[in-house]
Amino acid sequence: MKRGQERLVYTILGHLAQTDFGEAFGIDQWLGKPDWLYSFQDNVPVFEYDTFYKDWISKALRSERSVIWDEAMVFIALTSGTSSLKEKYIPYTNTFIKRILKETRGLTFELIKQGISPFHFFNKVLTVGGSTDFKKPTELIHTLGFQSNLQAGYMSGIVYNHRPKWYNRLNALPEHVYELSTWEDKTDFIVQHAHSFNIGTVTGFPSFVLPILKKIIAHYKVGTIHEIWPNFRLYCHSGMSITPYMNELKHCFGWHVDFFETYYATEGFFGYSHTLNSEYLKLKTDGSIYYEFIPFDSTHFDENGHLISTKGIVNIAKLHTHTPYALVITNTSGLVRFVQGDVLVFWDIAQLLFKIEGRISEIINTAGELLPASQLKTAVSSYLSDNKIEGISDYFLTTELKNGKNLYTFYFVNDEVVTKRFGDLDGFLQNYFLFYKSYRHDGSLAKPEIVVLSQHSFEKLLQTTNKLNGQGKMPFYVKGELKKVVDCILHQY
């Protein structure tokens, strides 16, 4: 794996050598030397998005020259803006798109290898979510601040519009459904026509799949989704943790469904489930991504999640288990030593098995706690499970200074559970986190507040923040400009 990764990055650097980026960092001067990998690490800095966009992506989007790749950019891929309202712009080349399609096709063989019958794939696939709409160059002038000749869209739409013809035979939804203007229209079509689909596989974010399954069950007045789709055997999910949704999903099933997770991001395809129903992902090292990792701690990142040191950066050969790492990638579309934004923890180095710990941007630091939001989310999940509070899959946190104390406010989405059901969440967190108990006792933290949101209010919140589209997602820790918008919207409902 190590040598394969080194061959890959050598090939990538060969493409970069004659670009503006390559000339700026003298790649052609050291690439052929024995210590080229050390020269790469010493001469090419690690970039966070804002810096890389300002210095390189913005130039690549407005120029036909070879700025960050020796091939023309053909699309601008948009991120869904998980932790903020601001979309990010990632350039795509034809080569990169073809590689993503090839890797996606390869998942079919991986699933067969893991035990899914080849005959299963004669059933239809329901793909939930993802916009196939593109923004035209004229629509981008306002947000980009300059004229670009490229169209922009989400990764799902770019891949869908480059799909092979044979995929149409597998897809349950007719093409016009993807072109419907609102998420509600798409959902209504799926529900109204669900009885006519022979679904074997469902793909999509659990936060959007679960409500659709519930609506279908309610619409047809059946006990489980298998009374409508008896051949449904496989759920391929991505984009967020499945854990908060697992129990509710299983309540929708009449019999066993296999779960398979894929690790897609706008910047590339990084991994997939080690085995069916596994909690671990396997890092994909034979694709189009060269990986590096920075320990995610206060030595390397500040309290706002910004990079302050790269001294501890390692490649796959020097990883340690149980250490949170910020993911750094170099890919075949011009992203070089790019801080991707996710935090991974490896559990098996030999097989490169890992879990996604959370996002770099989600660090809670109201009273000096420097707590990764994912750890608090895990604690809340344990609290819900221990107290047998069912029916809650979506929940998030905001923080603020109120009456001189720092306050955590937890929002839980459910139409039936009342606030008094939550009992002593404060006491649970004091037992779970030593810092929390200390800060509660010294008055740094106030007793947390709990707000129960209706599903309707939550969907309005997603819609207003442009996340009700099948692939948008509300971060667990809502802060900054997104928090201001959330506060404004929630005061209306």
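Sequential numbering of the sequence shown, starting at 3, is according to this note's numbering.
The beta-carbon is built from N, C-alpha and C at its ideal position, and this holds for glycine as well.
Nothing here was measured: the structure is a model prediction, and the numbers come from that model.
{"Check": "Boundaries of the beta strand (DSSP E) in which Glu294 is found, first to last residue", "Outcome": "Ile291 to Pro297"}
{"Check": "Beta strand (DSSP E) runs wholly inside the segment 281 to 361, at least 3 long, in chain order", "Outcome": "283 to 285, 291 to 297, 326 to 333, 340 to 350 and 355 to 361"}
{"Check": "Contact between the segment 351 to 369 and the segment 57 to 74 (3+ Cβ pairs under 8 Å)", "Outcome": "no"}
{"Check": "CB of Phe255 within 8 Å of CB of Ile230, strictly", "Outcome": "no"}
{"Check": "Neighbourhood of Tyr397 by C-beta, 7 Å cutoff - its chain only, sequence neighbours within 5 removed", "Outcome": "Val382, Phe412, Tyr413, Phe414 and Val415"}
{"Check": "Per-residue DSSP class, three states only, for Leu212", "Outcome": "helix"}
{"Check": "Reference Glu112; option with closest CA among Thr53, Ala26 and Gly273", "Outcome": "Gly273"}
{"Check": "Meets three-Cβ-pair contact criterion under 8 Å: the segment 446 to 457 and the segment 173 to 183", "Outcome": "no"}
{"Check": "Bridge-paired residues (DSSP) for Phe271", "Outcome": "Tyr266"}
{"Check": "Exposure label - Ile219; buried when at least 16 CB within 10 Å", "Outcome": "buried"}
{"Check": "Assigned exposure category for Gly307 - 16 Cβ within 10 Å defines buried", "Outcome": "buried"}
{"Check": "Proximity winner among Tyr282, Lys217, Val338 and Ser150, relative to Tyr293 (alpha-carbon distances)", "Outcome": "Val338"}
{"Check": "Spatial distance of Gly336 from Tyr51 (CA atoms)", "Outcome": "13 Å"}
{"Check": "The segment 30 to 46 touching the segment 115 to 128, judged by at least three CB pairs closer than 8 Å", "Outcome": "no"}
{"Check": "Ile114 in three-state terms, based on DSSP", "Outcome": "helix"}
{"Check": "Euclidean distance between Cα positions of Ser275 and His324", "Outcome": "18 Å"}
{"Check": "Among Leu484, Val130 and Asn125, nearest to Glu89 - alpha-carbon criterion", "Outcome": "Leu484"}
{"Check": "For Val415, the residue or residues it bridges with in DSSP", "Outcome": "Leu455"}
{"Check": "Runs of alpha helix (DSSP H) lying entirely within the segment 26 to 105, each at least 4 residues, in chain order", "Outcome": "29 to 32, 38 to 45, 51 to 54 and 60 to 64"}
{"Check": "Residues sharing a beta bridge with Tyr237, DSSP", "Outcome": "Val204 and Phe261"}
{"Check": "Contacting residues, own chain, Cβ-Cβ under 6 Å from Lys217 (five flanking each side not counted)", "Outcome": "Val193"}
{"Check": "DSSP-derived helix/strand/coil call for Asn367", "Outcome": "coil"}
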